[in-house]
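**Student:**
Chains as they are written, first to last, in the working numbering: chain X, 213 to 397; chain Y, 64 to 371; chain Z, 404 to 505; chain B, 376 to 770.
1) So residue 485(Z) and residue 297(Y) are in contact, right, with Cβ under 8 Å, and what is the actual spacing, rounded?
2) By the 7 Å beta-carbon criterion, what residues does the segment 442–454 of chain B contribute toward chain Y?
3) Is there at least one Cβ from chain B nearer than 9 Å to residue 300(X)'s Cβ?
4) Please compile the residues from chain B whose C-beta is within a distance smaller than 9 Å of the C-beta of residue 370(X).
5) Please list, in chain order, all residues of the same chain as residue 285(Y) whose beta carbon is under 6 Å from its beta carbon, the five residues on each side excluded.
6) Roughly how many whole angstroms lie between the Cα atoms of residue 235(Y) and residue 213(Y)?
7) In this structure, what does DSSP give as the bridge partners for residue 683(B)?
8) Give me the Cα-Cα distance between residue 504(Z) and residue 462(Z), rounded to the nearest whole angstrom.
9) Measure from the C-beta of residue 251(X) to each C-beta in chain B and report whether the shortest distance is under 9 Å.
10) Between which residues of its own chain and residue 244(X) is the CB-CB distance below 7 Å, once the five residues before and five after are set aside?
11) Is it true that the CB of residue 614(B) sits closer than 9 Å to the CB of residue 541(B)?
12) Counting only beta-carbon atoms, is residue 613(B) nearer than 9 Å to chain Z?
13) Mapping DSSP to helix, strand and coil, what is residue 219(Y)?
14) On the CB-based measure, 16 or more other CB atoms within 10 Å of its CB, does residue 420(Z) come out buried or exposed?
15) Compute the Euclidean distance between the alpha carbons of residue 520(Z) and residue 109(Y), then round it to the nearest angstrom.
16) I'd like to know if residue 834(B) contacts chain X, where contact means its C-beta is closer than 9 Å to some C-beta of that chain.
17) Are the CB atoms of residue 439(B) and residue 653(B) nearer to each other than 9 Å?
18) Would you call the segment 263–273 of chain Y and the segment 247–254 of chain Y in contact, with 3 or more CB pairs under 8 Å?
19) Which whole-angstrom value describes the C-beta separation of residue 228(X) and residue 261(X), a residue pair presumed to lie in contact below a C-beta threshold of 8 Å?
20) Can you tell me whether residue 312(Y) is helix, strand or coil according to DSSP?
21) Check the Cβ-Cβ distances between residue 609(B) and every residue of chain X, and say whether any is below 9 Å.
22) Do you know offhand how far residue 563(B)'s Cα is from residue 384(B)'s?
23) So with CB distances below 9 Å, who are the chain Z contacts of residue 148(Y)?
24) Name the residues in the segment 227–251 of chain X whose C-beta lies less than 7 Å from a C-beta of chain B; which are they?
25) Label residue 473(B) either buried or exposed according to how many other C-beta atoms from any shown protein chain fall within 10 Å of its C-beta, with 16 as the threshold for buried.
26) Find out if the Cβ-Cβ distance for the pair residue 391(B), residue 522(B) is shorter than 9 Å.
27) List in chain order: all unbroken beta strand (DSSP E) runs of 3+ residues lying wholly within the segment 340–371 of chain X.
28) For residue 537(B), go through chain X and note every residue whose CB falls closer than 8 Å to its CB, in chain order.
29) Expressed to the nearest angstrom, what Euclidean distance is found between the alpha-carbon atoms of residue 349(Y) and residue 254(Y)?
30) Work out the CA separation of residue 280(X) and residue 248(X) for me, nearest whole Å.
31) Can you check whether the C-beta of residue 497(Z) is within less than 9 Å of a C-beta belonging to chain Y?
32) Assuming the contact rule is C-beta atoms closer than 8 Å, residue 649(B) and residue 701(B) should be a hit. Round their C-beta distance to whole Å, please.
33) Exposed or buried, which one is residue 107(Y) when buried takes at least 16 other CB atoms within 10 Å?
34) Considering only the beta carbon of each residue, do residue 534(B) and residue 491(B) sit closer than 9 Å?
35) Evaluate contact between the segment 351–359 of chain X and the segment 81–99 of chain Y, counting only Cβ atoms and requiring at least three cross-stretch pairs below 8 Å.
36) Using a Cβ cut-off of 7 Å, pull out every chain Z residue sitting near residue 478(B), in sequence order please.
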């Protein structure tokens with residue numbers, strides 16, 4: 213599998229930075245080279261945050277932001293309004309979206325697949341708080357097939373423990389199982 | 064021929080070591096900061112480590128190339144870093160299991176102006192460090208400029224008296240009280256007219272530093288900067304105590320106590336007339352200084368539980 | 404004519420460390436004096452107050468009286484001023500210049 | 376025996392630095408949080424709280440104190456660590472000069488960030504440039520693994536009896552401080568073994584209660600001049616030793632970084648790009664792509680900034696047709712980048728050739744592959760005797 217680049221869009225407090233890092237850990241457990249970093253100004257709740265994750269079978273040398281993603285993860289549906297969200301998306305690109313609404317219209321010809329799940333609702337149910345990130349990583353594993361669910365769950369162990377780990381595992385499993393996939397040719 | 068007494072003054076009973084300083088030191092004639100250093104040396108003992116910074120005591124504490132002015136180990140550092148450097152030494156010694164008395168010795172310019180942040184920080188962290196501030200009410204080493212310890216009405220080279228100026232127009236900082244409000248184990252004021260009182264406090268400081276930060280604020284007139292006769296610096300100290308301009312007190316684990324109560328305080332003018340930097344003051348300005356001094360003393364009394 | 408270059412180091416450490424075990428730095432502060440303290444043995448009761456207040460601590464007890472080390476006395480006069488029995492007089496150094504010649 | 380740990384973790388640059396500090400067993404750690412370094416301070420506090428880091432952890436009230444605490448702890452005989460960034464670095468400037476002048480072998484991390492403007496929580500190397508003449512050894516690193524490894528190597532260098540100088544390890548804010556990568560965390564015993572030769576060194580001077588020795592005046596008259604000469608000589612000695620330490624590290628851990636500089640595909644190169652920090656990684660990828668297009672381009676990664684690797688650079692750069700320098704900072708008064716200015720000073724060793732200064736990546740702006748490709752195109756043009764522009768600002 214060639215190198216993959218994933219860009220995460222979220223708001224401060226939703227776990228976009230951690231999601232990007234957790235995905236990197238999961239890929240590292242599969243023996244891949246990974247790199248992940250966020251870009252934000254002051255740390256403020258609610259402020260838009262962008263994070264990046266790259267993985268490859270070769271060492272990842274680039275230390276740049278991601279301009280031509282293979283996949284976009286949008287953790288907050290209001291961020292779909294960002295003007296240039298799909299700019300640079302590779303052909304057959306993937307969107308992982310947290311949204312309570314169905315996603316029908318193809319927003320970019322480069323978008324090949326969209327995985328949509330109401331991750332906020334799942335998180336409120338499983339974790340008790342609006343932290344949809346782990347659910348969406350589960351969804352990403354299901355939609356892309358780039359990384360195994362068990363690696364994702366293993367990766368969580370680097371960041372969480374005890375009850376929170378259990379809850380987030382359930383969150384990810386539900387994302388994996390319940391994500392609705394829309395494909396375009 | 065007078066009958067000879069067999070006894071030395073009581074302060075000598077507190078000496079535990081010889082004076083470690085060279086007999087010929089670069090302090091002005093009549094400078095009682097020199098007396099202060101030698102007293103600290105005798106009571107803290109040779110093993111005390113001295114920390115200093117640029118200031119009047121710098122040429123005495125810090126050596127030149129491979130030679131020194133005294134036999135203490137010492138560390139000299141930038142003016143912003145005395146209490147923090149003492150922290151570094153104290154913490155390393157703690158980690159290495161080494162026992163040592165660490166004594167910072169700086170003027171008011173370092174303690175309450177440029178270095179106040181680091182003192183405040185070290186006090187809040189309750190480092191095992193003794194900090195002695197010799198308060199000569201200004202930057203004397205650099206040519207008598209005002210500091211935050213310079214009192215209202217004093218003439219200095221940056222608060223000169225002129226047709227539109229009476230000297231410094233604001234009050235000094237009440238530094239010992241600022242330090243007391245840090246709730247550290249021990250804070251005391253002292254001066255060199257009351258040597259036994261001071262010696263007791265130094266001795267106590269040596270004990271109390273085991274519990275944490277200790278701050279001693281020492282009233283230390285500068286003959287040159289204050290325009291005081293070289294023989295009168297001790298007299299000025301005494302007058303400051305007797306007028307309650309500089310009361311001698313201590314606070315030990317939150318207990319405030321005036322150590323040298325003055326039965327009948329003299330007017331502040333008794334002290335001012337010994338000091339040239341106040342020569343130009345008129346009665347109304349003197350009364351401003353008197354009122355400020357009274358107000359500070361009443362706060363101290365309240366803290367000591369003495370009713371007005 | 405070339406510049407003289409000196410490559411020999413004078414001090415043994417890499418950084419500047421002074422050693423109090425070497426002979427201490429010392430100024431002949433006695434030279435600064437314009438008047439000297441003279442103890443009047445008639446009045447002195449050896450209370451030692453002068454000794455405690457002397458800034459350079461150059462007054463020491465010898466037998467039952469006090470001696471002033473004029474090599475370091477800066478002539479500030481604190482001892483004379485603080486003496487409760489007025490047993491110390493500050494005398495102009497000029498009075499002693501003839502002694503010096505001898 | 377080569378040590379290869381199985382302990383690979385996906386961690387950020389800041390966390391990698393914290394692991395390095397943990398492994399070097401400092402006696403005293405003092406630091407004050409500042410974006411983008413805070414995570415490092417927090418991580419060390421956590422290690423300390425969990426009993427993993429057996430040291431005195433001093434949570435100071437500002438960077439100036441952080442540097443003073445660390446400097447004094449080192450002068451008292453201990454091993455210390457501190458970390459800062461941007462304004463924090465310049466807030467400790469008075470003491471930076473003291474630490475190096477006192478020859479205190481302290482290791483410090485500086486997470487590179489732009490200094491002016493309180494909103495400038497952005498990556499940029501200007502903070503390091505502001506302190507280039509502070510008498511510190513300054514190292515710049517490229518990735519998270521190198522952060523960890525370089526801190527360990529830095530203690531070997533700083534505390535060597537022949538050096539006795541503080542070392543500042545610099546890495547880009549955001550692009551490295553927050554970059555999570557797989558990092559091989561060495562075993563404690565292997566790091567202990569790597570640092571063990573320091574124990575065989577002659578004892579350096581330290582502050583001992585009752586010994587009657589003291590420091591801080593930095594010499595008077597000819598004494599001052601002598602200590603300056605010694606300081607400068609030690610700085611020069613550090614170059615060769617750094618190369619040796621790097622080789623030793625490679626032997627012990629199978630990871631080497633080339634010492635003062637790393638040259639990448641320079642041997643047969645006609646033109647060379649010089650860069651430091653996180654941009655080097657990106658530049659490697661672009662160099663490979665350009666080589667595939669037939670441009671014989673090489674890359675020099677500057678690891679030592681102070682002392683400046685004059686000899687090593689001269690060897691690599693001599694005879695090239697054109698060189699370009701990428702700076703993530705600016706040099707006032709010379710209208711170019713600071714590293715460029717220093718490379719120009721190599722002309723007496725490498726001869727006259729077209730030299731191009733590129734200023735890029737200020738204030739967190741991304742140094743993209745396209746930017747670097749553009750730089751290489753410009754250097755190439757200049758090497759073909761075509762007119763070129765000496766200074767280019769990107770983006």
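Here a beta-carbon is modelled for each residue, glycine too, at the ideal position from N, C-alpha and C.
**Tutor:** Short version:
1) 6 Å
2) 443, 444, 445, 446, 447, 448, 450, 451, 452 and 453
3) no
4) 384, 385 and 386
5) 199 and 203
6) 5 Å
7) The partner list for residue 683(B) (beta bridge, DSSP) is empty, contrary to what the question assumes.
8) Because residue 504(Z) carries a pLDDT of 43, less than 50, the predicted location of this residue cannot be relied on, and the following value inherits that uncertainty. Spanning the two alpha carbons is a distance of roughly 25 Å.
9) yes
10) 267, 268 and 269
11) no
12) no
13) coil
14) buried
15) Chain Z is shown from 404 up to 505; residue 520(Z) falls before or after that span and cannot be answered.
16) Residue 834(B) lies beyond the range of chain B shown here (376 to 770); nothing can be said about it.
17) no
18) yes
19) 5 Å
20) strand
21) no
22) 15 Å
23) Per Cβ cutoff of 9 Å: no residues; residue 148(Y) is ~15 Å from chain Z at best.
24) 233, 236, 237, 240, 245, 246, 247, 248, 249, 250 and 251
25) buried
26) yes
27) none
28) Residues of chain X passing the Cβ test: none, with the nearest at roughly 35 Å.
29) 23 Å
30) 15 Å
31) no
32) 7 Å
33) buried
34) no
35) no
36) 417 and 418
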